[in-house]
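Peer 1: Below: one structure in structure tokens.
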């Protein structure tokens with residue numbers, strides 16, 4: 001691990017939850033942006049348009 005010295009500045013008990021929280025928030029923001037700025041994603045989640053038989 002080439003970034004191992006970061007734990008001499010920031011303790012792991014503070015840094016790990018901070019990093020994991022930042023990753024989770026970023027993922028939620030990306031998903032929210034996709035949901036609100038596309039027209040196809042909601043239809044994809046609903047399974048698309050059903051064709052009449």
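Numbering (full-length UniProt numbering), first residue to last: 1 to 53. Heads up, the beta-carbon is just placed ideally off N, CA and C, and yes, glycines get one too.
1) What is the DSSP secondary structure of residue 10, reduced to helix, strand or coil?
2) I'd like to check one pair, residue 41 with residue 34: are the Cβ atoms closer than 7 Å?
3) I'd like the span of the alpha helix (DSSP H) that includes residue 46, first residue to last.
Peer 2: The short version:
1) Here residue 10 corresponds to residue number 10 of the chain shown, with the count starting at 1. Per DSSP, reduced to three states, the secondary structure at residue 10 is coil, with no helix or strand assignment.
2) On the chain shown, position 34 is the one that residue 34 refers to. On the chain shown, position 41 is the one that residue 41 refers to. Yes, the Cβ-Cβ distance between residue 34 and residue 41 is below 7 Å.
3) For the purposes of this step, residue 46 is taken as the residue at position 46 of the chain shown. Run containing residue 46: 40-46, per the alpha helix (DSSP H) assignment.
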